[in-house]
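This report concerns only the one structure given below.
Protein chains: 2
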Amino acid sequence: MTHPQIDAQLVEDMILQLGAIGRHSDTGVWRTAFSPEWVAANETVAKWGRDAGLDVNYDTGGNLWCVSQGREAGPSIVTGSHIDSQCPGGRYDGALGIIAGMVAVSALYAQFGPPRRTLEVVSLCEEEGSRFPTAGFWGSRALVGRAGPEDCNVVHDADGVSIGAAMVEAGFDPKRIGETVRDDIAAFIELHIEQGPVLEDAGLPAAIVDAITHIRQTEVTLYGTSNHAGAFPMDIRNDPMAGFAEIASGVIGHAEALGRPAVTTIGHCVPEPGGRAIIPRAVTFTIDARHPDPDAAKTMYDAHQTLIQEVATRRGLTFETSVLLDHPACQSDPHLLTALDTAAAKMEVPVMHMASGAGHDAQQMAQICPVAMIFVRSFEGRSHTPEEFSELSDCVAGIKVLAAALYDLAY
Amino acid sequence: MTHPQIDAQLVEDMILQLGAIGRHSDTGVWRTAFSPEWVAANETVAKWGRDAGLDVNYDTGGNLWCVSQGREAGPSIVTGSHIDSQCPGGRYDGALGIIAGMVAVSALYAQFGPPRRTLEVVSLCEEEGSRFPTAGFWGSRALVGRAGPEDCNVVHDADGVSIGAAMVEAGFDPKRIGETVRDDIAAFIELHIEQGPVLEDAGLPAAIVDAITHIRQTEVTLYGTSNHAGAFPMDIRNDPMAGFAEIASGVIGHAEALGRPAVTTIGHCVPEPGGRAIIPRAVTFTIDARHPDPDAAKTMYDAHQTLIQEVATRRGLTFETSVLLDHPACQSDPHLLTALDTAAAKMEVPVMHMASGAGHDAQQMAQICPVAMIFVRSFEGRSHTPEEFSELSDCVAGIKVLAAALYDLAY
């Protein structure tokens with residue numbers, strides 16, 4: 000019998016146990032990187048690992064590893080996610096991926112003994128950037144060599160504490176962060192809540208993620224001429240708000256017309272000076288536009304730039320754009336997708352394939368190894384809030400797929 | 000010879016003299032109601048009045064009057080404007096109307112002796128609302144019975160000083176503000192800078208204002224559902240920013256299509272919570288929409304409401320609207336318009352007729368007497384800034400029209 004058995008009660012206990020650390024309101028958590036709550040949560044995971052007979056160690060980047068040593072030498076099969084939360088976040092975002100890994104790897108070890116290839120569960124550090132806004136994906140970036148000692152002094156939290164100082168406080172040595180890099184990982188599979196409503200709409204407990212979307216956030220400032228709202232005729236205005244409205248309608252309408260999985264969001268908009276009776280001098284706004292297909296993403300970004308240029312020229316405005324964030328799409332590894340599809344079929348978990356519209360640690364990990372993800376259905380698609388919730392049976396369904404795939408890859 | 004002579008040098012001296020009181024940067028002024036600078040500016044006007052042989056008195060609302068007593072009894076012919084400024088404002092907005100009145104009435108007295116009907120120049124108090132934001136048109140409202148003792152304790156400046164306390168500080172008794180009301184004014188003519196570019200475009204020094212526009216400012220909040228910018232497909236969003244963009248394009252485009260004198264401005268827009276990667280929960284914005292024709296204004300406001308309703312329904316949004324300001328249009332008196340047209344022709348000042356897109360004290364005064372206005376060309380249409388400027392020859396042209404009209408009405 001090679002079907003791993005998953006203990007639903009254990010999954011629920013772990014969700015509640017981790018959710019109690021840094022608890023915020025009834026069902027939320029507030030657990031920022033290197034804080035006492037973060038240290039306590041990792042120590043809880045470490046205890047789970049030791050209790051399950053796994054080897055436990057921290058790396059120099061702030062990540063915790065629980066290792067089921069393989070009988071053969073060679074690169075590891077890794078699963079996990081992040082333990083830090085939004086401020087406040089819910090019990091599931093990140094945490095569920097660590098719980099899933101611990102439950103799956105412990106169950107495999109208990110039920111089938113030591114694996115052939117080493118299996119590791121990682122609790123990654125500061126994915127959200129909720130304490131250090133410019134340090135999102137800190138732990139996974141350290142693993143792939145994209146966070147160095149020079150970053151430790153220039154990245155600060157809202158209280159002015161550097162991430163290096165926060166690391167020292169939590170018992171890490173920022174000078175050694177370069178040692179975090181790994182070149183011995185054969186695969187990374189991350190289980191995460193969906194954070195959107197697609198699975199709920201489809202009536203499915205879980206999905207296999209075949210790509211993580213390209214995310215580009217662009218800040219645009221349109222400059223016009225500030226004048227009296229009453230005394231300046233429309234035909235000679237250079238009104239950046241009129242330009243903004245056209246551009247916002249255009250870029251949102253473009254994504255609406257493209258349909259899934261294209262998305263475009265304008266979350267931020269500041270007119271200057273902002274008076275009711277003053278034609279603005281400038282309007283600054285952001286465009287967050289995502290598509291998992293590289294060609295479609297490029298076509299979309301080019302269309303935005305063309306529209307901004309056209310509207311600005313026609314309305315006598317000037318503009319500046321700067322790309323604040325640009326994470327190219329990350330395609331899941333075909334062999335891992337096959338392993339996940341096979342695992343879902345074997346465990347009789349109905350799944351669909353979808354792209355992730357959110358960024359994940361797996362995107363970083365893709366720079367050093369093949370990656371893939373499993374999504375678990377989110378209640379009403381909510382996330383980044385204490386109201387975030389996934390049914391226990393959906394969590395278990397996702398963990399079954401993970402466990403069976405890990406068995407396939409490592410046993 | 001019944002053509003009043005206007006001394007350009009005197010006009011320039013007065014502009015510079017008043018501009019030195021509360022001077023801000025090279026060419027600006029910062030002169031808020033009841034401040035020491037405001038008191039000093041009024042005292043300067045009072046001295047001009049006494050030097051010209053006029054009777055000088057303050058009323059109980061904070062307005063200063065310089066009176067050229069008529070030979071006959073009966074209601075007065077009044078001119079003037081406001082002496083308070085924006086923070087900072089320029090030398091011309093308001094001040095030029097007082098200077099024009101002083102120059103015109105003094106010149107008429109010097110050249111033609113006492114008038115048949117009493118002529119008065121008024122320096123009005125707190126038109127801008129720049130110190131007391133909810134007390135705009137304070138002096139003219141007191142004159143028409145729309146500012147009472149009950150207002151004196153509830154209106155405060157940014158430092159928490161009540162307008163009543165500020166009045167006491169400047170030597171006025173807030174309990175007596177009800178006595179400011181006048182019922183013996185036969186006409187009010189206000190000279191003011193245009194604050195827009197219409198005269199500059201037309202190549203004319205001055206205009207006769209046949210109406211002050213209807214001004215309505217509405218605050219709108221569109222409510223949708225906040226969600227993850229990546230994980231929520233476009234087709235199931237309730238995005239208030241998408242709704243705002245459509246409404247903003249629609250209302251601005253409507254005014255553009257109507258053409259002069261319709262104007263619509265969106266100066267203020269705040270998405271909540273405002274994050275780059277979050278579909279906003281709500282967007283609050285203002286619509287400032289103006290038209291001097293009552294029917295056209297109503298049609299425009301109705302069209303805005305219909306559009307908001309249609310967009311909100313289609314996008315699954317709810318909304319609230321509240322009218323923050325609603326000043327119906329004020330038509331100039333036909334007899335005063337004839338007097339001004341005749342005066343312009345007599346003084347050989349080329350003028351056009353236009354509507355005022357800005358609000359003015361004359362709008363308040365219209366509640367107790369016939370009103371009309373003269374506009375003087377503004378350099379690049381600038382106002383509410385130290386860069387505000389009108390050529391001396393244009394100021395003199397406007398004052399010539401004013402003086403000739405006052406002669407016609409009062410001599």
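Taken in order, these protein sequences are the chains called A and B. Residues in the first sequence are numbered from 0 upward in steps of one, following numbering that gives the first Met the number 0. Residues in the second sequence are numbered from 0 upward in steps of one, following numbering that gives the first Met the number 0. We treat Cβ as the ideally placed atom computed from N, Cα and C, and that holds for glycine.
Endpoints, the alpha helix (DSSP H) within which residue i is located
i: residue 38(B); result: 35-50
i: residue 13(B); result: 7-18
i: residue 62(B); result: Taken as a continuous stretch (DSSP letters only), residue 62(B) belongs to no alpha helix (DSSP H), as it is neither H nor E.
i: residue 337(B); result: 333-345
i: residue 73(A); result: From DSSP, residue 73(A) is part of no alpha helix (DSSP H); its letter is neither H nor E.
i: residue 123(A); result: Unbroken run through residue 123(A) is the beta strand (DSSP E), 118-123; no alpha helix (DSSP H).
i: residue 233(A); result: First-last for residue 233(A): undefined, no H or E at that position.
Cβ neighbour criterion (16 or more within 10 Å) applied to residue i
i: residue 370(B); result: buried
i: residue 399(B); result: buried
i: residue 7(B); result: exposed
i: residue 114(A); result: buried
i: residue 308(A); result: exposed
i: residue 42(A); result: exposed
i: residue 153(B); result: exposed
i: residue 291(B); result: buried
i: residue 382(A); result: buried
i: residue 216(A); result: buried
i: residue 421(A); result: Within the shown structure, residues of chain A are numbered from 0 to 410, placing residue 421(A) beyond reach of any answer.
i: residue 304(B); result: exposed
i: residue 270(B); result: buried
CB contact flag (residue i, residue j, <8 Å)
i: residue 104(B); j: residue 120(B); result: yes
i: residue 124(B); j: residue 32(B); result: yes
i: residue 99(B); j: residue 207(B); result: no
i: residue 90(A); j: residue 26(A); result: yes
i: residue 355(A); j: residue 212(A); result: yes
i: residue 188(B); j: residue 404(B); result: yes
i: residue 368(A); j: residue 186(A); result: yes
i: residue 264(A); j: residue 278(B); result: yes
i: residue 258(B); j: residue 226(A); result: no
i: residue 165(B); j: residue 156(B); result: yes
i: residue 84(B); j: residue 21(B); result: yes
i: residue 233(A); j: residue 261(B); result: yes
Among the options, the one whose alpha carbon lies nearest that of residue i
i: residue 315(A); options: 241(A), 13(A), 349(A) and 331(A); result: 241(A)
i: residue 12(B); options: 179(B), 410(B), 395(B) and 311(B); result: 395(B)
i: residue 358(A); options: 62(A), 275(A) and 135(A); result: 135(A)
i: residue 36(B); options: 68(B), 239(B) and 82(B); result: 82(B)
i: residue 210(B); options: 272(A), 230(A) and 185(A); result: 230(A)
i: residue 50(A); options: 24(A), 92(A), 57(A) and 108(A); result: 108(A)
i: residue 45(B); options: 28(B), 146(B) and 67(B); result: 67(B)
i: residue 177(B); options: 167(B), 367(B) and 147(B); result: 147(B)
i: residue 283(B); options: 39(A), 267(A) and 129(A); result: 267(A)
i: residue 87(A); options: 334(A), 60(A) and 29(A); result: 29(A)
i: residue 273(B); options: 276(A), 285(A) and 92(A); result: 285(A)
i: residue 406(A); options: 16(A), 118(A) and 61(A); result: 118(A)
i: residue 10(A); options: 55(A), 95(A) and 60(A); result: 95(A)
First and last residue of the uninterrupted beta strand (DSSP E) at residue i
i: residue 269(A); result: 268-271
i: residue 374(A); result: 370-375
i: residue 216(B); result: 213-222
i: residue 405(A); result: Where residue 405(A) is concerned, there is no enclosing beta strand (DSSP E), although the alpha helix (DSSP H) it sits in stretches over 391-409.
i: residue 318(B); result: 317-326
i: residue 185(B); result: 184-192
i: residue 287(B); result: 281-290
i: residue 264(A); result: 262-264
i: residue 352(B); result: 350-355
Residue i beta carbon near the ligand NAD (any heavy atom closer than 7 Å)
i: residue 339(A); result: What this structure holds is no ligand at all, so the ligand NAD is not there to describe.
Can we say the segment 349-364 of chain B touches the segment 246-258 of chain B, given the rule of at least three CB pairs closer than 8 Å? No: fewer than three Cβ pairs fall under 8 Å.
Within 8 Å, do at least three Cβ pairs link the segment 376-386 of chain B to the segment 197-212 of chain B? Yes: the two stretches touch, three or more of their Cβ pairs being nearer than 8 Å.
Is there contact between the segment 306-320 of chain B and the segment 341-351 of chain B, where contact requires at least three CB pairs shorter than 8 Å? Contact between the segment 306-320 of chain B and the segment 341-351 of chain B is absent, because fewer than three Cβ pairs lie under 8 Å.
Examine the Cβ distances between the segment 381-392 of chain A and the segment 321-335 of chain A and report whether three or more of them are shorter than 8 Å. Touching, no.
Would you check if the segment 173-189 of chain B and the segment 69-85 of chain B touch, i.e. whether three or more CB-CB distances between them fall below 8 Å? Contact holds: three or more Cβ-Cβ distances are below 8 Å.
Validate contact between the segment 189-197 of chain A and the segment 234-249 of chain A using beta carbons, cut 8 Å, 3 pairs: Counting Cβ pairs under 8 Å, fewer than three are found: no touch.
Name, going along the chain, the residues of the segment 15-41 of chain A whose beta-carbon falls closer than 7 Å to a beta-carbon of chain C. Going by chain labels, chain C is absent from the structure shown, which instead holds the protein chains A and B.
Report yes or no: do three or more beta-carbon pairs, one from the segment 327-335 of chain A and one from the segment 274-293 of chain A, lie closer than 8 Å? Verdict: yes, contact present.
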